[in-house]
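Participant: Residue numbers (our numbering), protein chains in the order written: chain Y, 9 to 304; chain H, 9 to 304; chain L, 9 to 304; chain R, 9 to 304.
I'd like to ask you about the structure that follows.
Number of protein chains: 4
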Amino acid sequence: MSKAFFLVSAPDRTGLVARFAGFFSRLGLNIVDASNHTEVFSEGAGARFFMRLVVDLAQLVSAEAAAGLGGSTTRRALEDAFAQVAAEVGAEWSVRYGDRLARVAVLVTKEPACLYDLLLRRQSGELPCEIPLILGNHATLEPVAESFRVPFFTLPVSAESKPQQEAAMLDLLRRHHIDLVVLARYMQVLTGEFLAAAPPVINIHHGFLPAFQGARPYHQAYARGVKIIGATAHYATEDLDQGPIIEQDVARVSHAMGPDELVRVGRDVERVVLARAVRAHLERRVFVFGRRTIIL
Amino acid sequence: MSKAFFLVSAPDRTGLVARFAGFFSRLGLNIVDASNHTEVFSEGAGARFFMRLVVDLAQLVSAEAAAGLGGSTTRRALEDAFAQVAAEVGAEWSVRYGDRLARVAVLVTKEPACLYDLLLRRQSGELPCEIPLILGNHATLEPVAESFRVPFFTLPVSAESKPQQEAAMLDLLRRHHIDLVVLARYMQVLTGEFLAAAPPVINIHHGFLPAFQGARPYHQAYARGVKIIGATAHYATEDLDQGPIIEQDVARVSHAMGPDELVRVGRDVERVVLARAVRAHLERRVFVFGRRTIIL
Amino acid sequence: MSKAFFLVSAPDRTGLVARFAGFFSRLGLNIVDASNHTEVFSEGAGARFFMRLVVDLAQLVSAEAAAGLGGSTTRRALEDAFAQVAAEVGAEWSVRYGDRLARVAVLVTKEPACLYDLLLRRQSGELPCEIPLILGNHATLEPVAESFRVPFFTLPVSAESKPQQEAAMLDLLRRHHIDLVVLARYMQVLTGEFLAAAPPVINIHHGFLPAFQGARPYHQAYARGVKIIGATAHYATEDLDQGPIIEQDVARVSHAMGPDELVRVGRDVERVVLARAVRAHLERRVFVFGRRTIIL
Amino acid sequence: MSKAFFLVSAPDRTGLVARFAGFFSRLGLNIVDASNHTEVFSEGAGARFFMRLVVDLAQLVSAEAAAGLGGSTTRRALEDAFAQVAAEVGAEWSVRYGDRLARVAVLVTKEPACLYDLLLRRQSGELPCEIPLILGNHATLEPVAESFRVPFFTLPVSAESKPQQEAAMLDLLRRHHIDLVVLARYMQVLTGEFLAAAPPVINIHHGFLPAFQGARPYHQAYARGVKIIGATAHYATEDLDQGPIIEQDVARVSHAMGPDELVRVGRDVERVVLARAVRAHLERRVFVFGRRTIIL
């Protein structure tokens, strides 16, 4: 079954659920999954409506669909028709197709745990994506990439060479048609220029944001004597550690654990949080709205 | 804003989201919240579709609604029209109105914690209901009822008097127009006859079902040496501790805690689990489907 | 069984466990529970040793104890002898006796949930203390105090009257021989002068410190789009929301919950966190060491 | 720093903490960590005392230690002396040394996740052990073993060949001086004969025991409609899924997740639970007492 994932958002008004669901219904296309949310607390603006529709395309070739789409039954015709319906209510929208796997690049430095984790989850089918590219600012993890037969490029970086290194990364991302970048403990800050030019970037912060921003969050957590630590997966933005949060989770700790043990406990949380965030993105569940995300 | 909560379920087929959403859309009624789920793993049957629609009734008096409803704009007319749409696809459905608070009876024995908890949550507005009746098989908690000014009836029960006692309870439930019964540590088993005649009954089991069914679950948990305990809120059925689960939660424990301490830790879990389950029921979010619940 | 709770801390060195355990052993007193921790990461200082000993005093009247204590078998004699052992290794220590219940004052404003919770937990025996005094800056909760037959004093406060109001509170705390003050959603900042003169003060912050310090933490959490919220119980210090953390816990939330719903979910976390912190304090488990607590 | 880990248990009586701590103190050996627990609810028996002592052996060569040990300062002399102290109070005890890494064999079938996880945690230093042997009843995971350069033996098994296969496994465990066996999703039941002859065996059950024993626990969990699933690490015993529980953890699920998704969510819990259990065992924290474990 080939599926289309439509994400749409619009200023709230009467009849939006029926409008978007009805569009597919009139074409005889089955809505496999539909969910929606109305965000009412956004400052300085009215309420905003968000909807995710998963549509079975099997009947796209039917006479009913053809009639509704003016004779054509291509995906392009479907998109054009949906664009009209969306425009009538000032909606923004996008669509992805389930038979076109997202292409994910992983950026790493030296720590292997998150990289292994992503590769194994892809291998087991848990992450519906390809991973055609791994980039490291060190060569340390090249053997891991090799054992999974993924191309690995080492692009060392220094304060002076950062513009050139980021340009080289962008070039590789483009050549490999990358849709999503995942920072798997990539220990470099990315510039606003890079982020503006790159596909979406998901980062894992090993702290329970917004507490413990910046460096060495587990040492900060130890010094403050917290009883629970956490990790946060978020879209990378120019403001370090301020991007929209996709997923968080926590683990209980005690006074008896030193900073190293917090690191160890936290590592388990990080991996799971990052995997859940990447999966939510790949399943087309995530809307970004200001500093918040809506996960449908 | 007066709201209607429509719950509907039907054998799955193309176009159900659009069908039900479209019904309200054509009447000019705004769908405040809509969610749906398709249950595909039910044994021996095809997939089944579930949908919850929260509808703003403000425009029910409009010309648009009147036209769609054949001139009448009463709730009865709305229900009759919806019944037709539902019948076309073999759907079961029900509706409740937000301006008609559910009437909840609480059954207790001697432990005050859960009773206080329900009364305080109602008082704070967290539970959208009235509590016009408290029944105890002991008189112990009558002063609590009094301090919240709720009528309390003591109905002692023994093995011999159970039929009479349950009949008396049913009579009181009917006279007070009770919609929901909550067992707040009511230490008696209810008969199938009672449950068949009574409104829905929510029970809190102080164990992490299906582990530790039956009596003294915390002592069972201690003997088995589990590292996590829990509580389960479920609809009461004739099969003790087998009813559809509405909500569960857990707490971590250690070898150092004796049975009494498990009871104490568990009590905090019980109260929260029971409150969440009652709230989900009152917000009309719960579908029962075989032994499972679907919470939309 | 009458028990003594000894808390002792000292610069770390060889033989401290044996030293303190041996002291009671030589007197023939049974150590019911012993636990210790060595804090090795404290900045600018060597490691520090912490130990909690729970001692059964039943044999304090024995000849063996008398011999070891120079003939006297009073608690005072026991304390004097322990003081000597402690002094030899530069230890700080304190002792409390289980047959002398701590006296706890609760400070409130208008919200009843935390107050009810503390009173009910004391009533059920979960909190080993007396609650002989409730103070409010509003009279709202006086009926709650009355229904539990606890004296309630209303002490209104304004910016100008704060010194006088705090002086009046201190006077009442002294007259009632209060050992611990619990802020149960007391919506006033206490001055450094008050905190210096008062017994220990435990506060519940309805945020997952150190994130969301200050006012309206749930609204901050909503705006930041976090996926988990929490509550923090800590000793009150002059630096608002910076005191040593005793206990924290969290609950998962979603984009679909508005600020009010976060408040509701958080309230359940707050009550449990506050109760656990107060209980740990009353059981004499908490050491404060700089900004951290050690819970033995 | 070379450390010794002493585990001791005995019928409870006065002075045990002082007795065991004093033994090391008199020898001038520093107790790095000490913890104890008294189990008071065991049926049909008096209370039992458990203690874990971590002792720094640096001063074992000192004159003070030599004097206390009758002239010898070998580990054997230390053990002999401790055995005497233990015998006086009828204690059972054991000792392990930190400079002698435990040797762990992993048994697998076809699923790679748990195996990778254990190998990576060992590599990162999180699990203080060697992994000199991997045994599979299928050859599927041999390449994983190879990429970590660990010997892998394939020992196929059928109902008829089970005695021979288990004998071959025992032989390999002996030849490789294995101290601990970990079942990383090894999909075979081990016989009582094997378990009696083998070193301790830790198993991960992908269900929240004691609920959902036996096969396909996630499918059972789905059918029962639970709202939380879990995993359990326990010592394997002849009674399937009945061995003493070392560690458990849970994850929240919803009606929307089918059995496959429960498997996926559960897999993350399994790995963490298994790793924590193995680590607790390797750090010599686990006492088995009847059907319960005590983790100090």
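Glycine included, C-beta positions come from ideal geometry on N, C-alpha and C.
Does Y:LEU248 pass the burial test, meaning 16 or more other C-beta atoms within 10 Å, or should it be called exposed?
Facilitator: To locate residue 248 of chain Y, count along the first sequence from 1; it is residue 240. When all chains shown are included, Y:LEU248 counts as exposed.
Participant: Who does H:SER17 pair with in a DSSP beta bridge?
Facilitator: Along the second sequence, read from residue 1 onward, the residue named residue 17 of chain H stands at position 9. H:SER17 pairs with H:PHE58 and H:GLU100.
Participant: In chain L, what lies closer than 9 Å to Y:GLY230 by C-beta?
Facilitator: Reading the first sequence from its first residue, position 222 is the one you call residue 230 of chain Y. The sequence given here places Tyr at residue 230 of chain Y; Gly does not occur at that position. In chain order: PHE49 and ARG300.
Participant: Ends of the alpha helix (DSSP H) at Y:LEU270?
Facilitator: Along the first sequence, one-based indexing puts residue 270 of chain Y at 262. Here the alpha helix (DSSP H) through Y:LEU270 covers 267-290.
Participant: On the DSSP letters alone, give me the boundaries of the alpha helix (DSSP H) that H:GLU154 sits inside.
Facilitator: Position 146 of the second sequence, counting from 1, holds the residue named residue 154 of chain H. Per DSSP, H:GLU154 belongs to the alpha helix (DSSP H) from 150-155.
Participant: Kindly provide the ranges of any alpha helix (DSSP H) runs that are 4 or more residues long and lie completely inside the stretch 103-145 of chain L, ordered along the chain.
Facilitator: Counting only runs of 4 or more, we get 121-131.
Participant: Please list, in chain order, the chain Y residues whose beta carbon lies closer than 8 Å to that of R:LEU128.
Facilitator: Start at 1 with the first residue of the fourth sequence, and residue 128 of chain R comes out as number 120. Near R:LEU128 (Cβ distances below 8 Å), the residues of chain Y are PRO120, ALA121 and TYR124.
Participant: Counting beta carbon pairs with one atom in the stretch 217-227 of chain H and one in the stretch 188-207 of chain H, are three or more of them shorter than 8 Å?
Facilitator: No: fewer than three Cβ pairs fall under 8 Å.
Participant: For my contact list, Y:PHE13 and Y:VAL103 are in at a C-beta cut-off of 8 Å; report their separation, rounded to the angstrom.
Facilitator: Along the first sequence, read from residue 1 onward, the residue named residue 13 of chain Y stands at position 5. Along the first sequence, read from residue 1 onward, the residue named residue 103 of chain Y stands at position 95. That pair is a contact at about 7 Å.
Participant: Would you say H:ILE303 lies against chain R (beta-carbon separation less than 8 Å)?
Facilitator: Residue numbering aside, residue 303 of chain H sits at position 295 when the second sequence is read from its first letter. Yes, contact with chain R.
Participant: Thinking C-alpha only, which one of R:ALA99, R:ALA94, R:ARG260 and R:VAL294 is nearest R:PRO252?
Facilitator: Counting from 1 along the fourth sequence, the entry for residue 252 of chain R is found at position 244. Taking only the C-alpha atoms, the option nearest R:PRO252 is R:VAL294.
Participant: Just to confirm, are Y:PHE31 and L:TYR230 a CB contact at a threshold of 8 Å?
Facilitator: One-based indexing of the first sequence puts residue 31 of chain Y at position 23. One-based indexing of the third sequence puts residue 230 of chain L at position 222. Not a contact, by the Cβ cut-off of 8 Å.
Participant: Using a Cβ-Cβ distance cut-off of 8 Å, determine whether L:SER132 contacts chain H.
Facilitator: The residue given as residue 132 of chain L occupies position 124 in the third sequence. Closer than 8 Å to some Cβ of chain H, the Cβ of L:SER132 qualifies, so yes.
Participant: Going straight from the alpha carbon of R:LEU68 to that of R:LEU198, what length do you get?
Facilitator: In the fourth sequence, the residue the question calls residue 68 of chain R occupies position 60. In the fourth sequence, the residue the question calls residue 198 of chain R occupies position 190. Between R:LEU68 and R:LEU198, the C-alpha separation is close to 42 Å.
Participant: Count the C-beta pairs between the stretch 174-192 of chain H and the stretch 118-128 of chain H that are closer than 8 Å, then say yes if the count reaches three, no if not.
Facilitator: The answer is yes - the stretch 118-128 of chain H touches the stretch 174-192 of chain H, with three or more Cβ pairs under 8 Å.
Participant: Output the residue ranges of the beta strand (DSSP E) runs that lie fully inside the stretch 185-239 of chain L and measure 3 residues or longer, sorted by chain position.
Facilitator: Counting only runs of 3 or more, we get 188-191 and 209-213.
Participant: Scan the stretch 285-299 of chain Y for residues whose Cβ lies nearer than 7 Å to a Cβ of chain H and list them as they occur along the chain.
Facilitator: Taking 7 Å as the Cβ-Cβ cut-off against chain H, none of the residues of the stretch 285-299 of chain Y qualify.
Participant: Alpha carbons only, please: which of R:ASN44, R:ARG183, R:PRO159 and R:PRO267 is nearest the one belonging to R:ARG224?
Facilitator: Numbered from 1 along the fourth sequence, position 216 holds the residue referred to as residue 224 of chain R. Of R:ASN44, R:ARG183, R:PRO159 and R:PRO267, the residue nearest in Cα terms is R:PRO267.
Participant: I'd like the span of the beta strand (DSSP E) that includes L:GLN256, first residue to last.
Facilitator: Residue mapping note: residue 256 of chain L aligns to position 248 of the third sequence, counting from 1. Per DSSP, L:GLN256 belongs to the beta strand (DSSP E) from 253-260.
Participant: Please report the distance separating the alpha-carbon of L:PRO120 from that of L:LEU149.
Facilitator: Your numbering for residue 120 of chain L matches position 112 in the third sequence. Your numbering for residue 149 of chain L matches position 141 in the third sequence. One C-alpha to the other measures close to 7 Å.
Participant: Have a look at L:GLN173, L:SER33, L:ALA53 and L:ASP257 and flag the residue whose alpha-carbon is nearest the alpha-carbon of R:ARG21.
Facilitator: Here the question's residue 21 of chain R lines up with position 13 in the fourth sequence. Looking at the Cα atoms, L:SER33 is the closest of the given residues.
Participant: Give the DSSP bridge partners of Y:ALA241, in chain order.
Facilitator: Numbered from 1 along the first sequence, position 233 holds the residue referred to as residue 241 of chain Y. For Y:ALA241, which the question treats as bridged, DSSP gives the partners Y:ILE212 and Y:GLU255.
Participant: Taking only beta-carbon atoms, is L:VAL234 less than 8 Å away from chain R?
Facilitator: Within the third sequence, numbered from 1, the residue matching residue 234 of chain L stands at position 226. L:VAL234 does not count as touching chain R.
Participant: Identify, in the order they occur along the chain, each residue of the same chain with its Cβ nearer than 6 Å to the Cβ of L:PRO136, setting aside the five sequence neighbours on each side.
Facilitator: Within the third sequence, numbered from 1, the residue matching residue 136 of chain L stands at position 128. Cβ neighbours of L:PRO136 beyond the five flanking positions: LEU290.
Participant: Would you please state the rounded distance, in angstroms, between the beta carbons of Y:ARG183 and Y:VAL97? I believe it to be under 8 Å.
Facilitator: The count along the first sequence starts at 1 and reaches residue 183 of chain Y at position 175. The count along the first sequence starts at 1 and reaches residue 97 of chain Y at position 89. So it is not a contact: roughly 39 Å between Cβ atoms.
Participant: Please list, in chain order, all residues of the same chain as Y:ALA91 whose beta carbon is under 7 Å from its beta carbon, the five residues on each side excluded.
Facilitator: As a first step, residue 91 of chain Y must be located in the first sequence, where it is residue number 83. Answer for Y:ALA91: no residue qualifies.
Participant: For Y:SER70, I'd like the list of residues in its chain whose CB is within less than 7 Å of its CB, leaving aside the five on either flank, ordered along the chain.
Facilitator: Along the first sequence, read from residue 1 onward, the residue named residue 70 of chain Y stands at position 62. Only GLY36 meet the Cβ criterion.
Participant: Since I believe Y:TYR226 is in contact with Y:HIS214 (beta carbons under 8 Å), could you give me their beta-carbon distance rounded to a whole number of angstroms?
Facilitator: Here residue 214 of chain Y refers to the residue found at position 206 of the first sequence. Here residue 226 of chain Y refers to the residue found at position 218 of the first sequence. Yes, Y:HIS214 and Y:TYR226 are in contact; Cβ-Cβ is about 7 Å, under 8 Å.
Participant: Which residues of chain H have a Cβ atom closer than 7 Å to the Cβ of Y:PHE202, listed in chain order?
Facilitator: Within the first sequence, numbered from 1, the residue matching residue 202 of chain Y stands at position 194. Per Cβ cutoff of 7 Å: no residues; Y:PHE202 is ~39 Å from chain H at best.
Participant: Could you tell me which of L:VAL158, L:THR162, L:SER155 and L:TYR105 sits nearest to L:THR117, measuring between CA atoms?
Facilitator: Within the third sequence, numbered from 1, the residue matching residue 117 of chain L stands at position 109. Among L:VAL158, L:THR162, L:SER155 and L:TYR105, the Cα nearest to that of L:THR117 is on L:THR162.
Participant: Which residues in the same chain have their Cβ closer than 7 Å to the Cβ of L:LEU307, if we skip the five residues on either side of it in sequence?
Facilitator: This structure leaves residue 307 of chain L out entirely; chain L is present only between 9 and 304.
Participant: Could you check the C-alpha separation between R:VAL258 and Y:LEU188 for me, to the nearest Å?
Facilitator: Here residue 258 of chain R is taken as the residue at index 250 of the fourth sequence, counted from 1. Here residue 188 of chain Y is taken as the residue at index 180 of the first sequence, counted from 1. C-alpha separation (whole angstroms): 30 Å.
Participant: Less than 8 Å between the beta carbons of H:PHE297 and H:ARG56, yes or no?
Facilitator: By 1-based counting over the second sequence, the position of residue 297 of chain H is 289. By 1-based counting over the second sequence, the position of residue 56 of chain H is 48. For H:PHE297 and H:ARG56, yes; Cβs fall inside 8 Å.
Participant: How would you write the range of the beta strand (DSSP E) that H:GLU72 sits in, first residue to last?
Facilitator: Against the second sequence, residue 72 of chain H aligns to sequence position 64. Per DSSP, H:GLU72 belongs to no beta strand (DSSP E); it is in the alpha helix (DSSP H), 71-76.
Participant: What's the gap between the Cα of L:ARG157 and the Cα of Y:ALA244?
Facilitator: Position 149 of the third sequence, counted from the first residue, corresponds to residue 157 of chain L. Position 236 of the first sequence, counted from the first residue, corresponds to residue 244 of chain Y. If I take the Cα positions, the gap works out to 56 Å.
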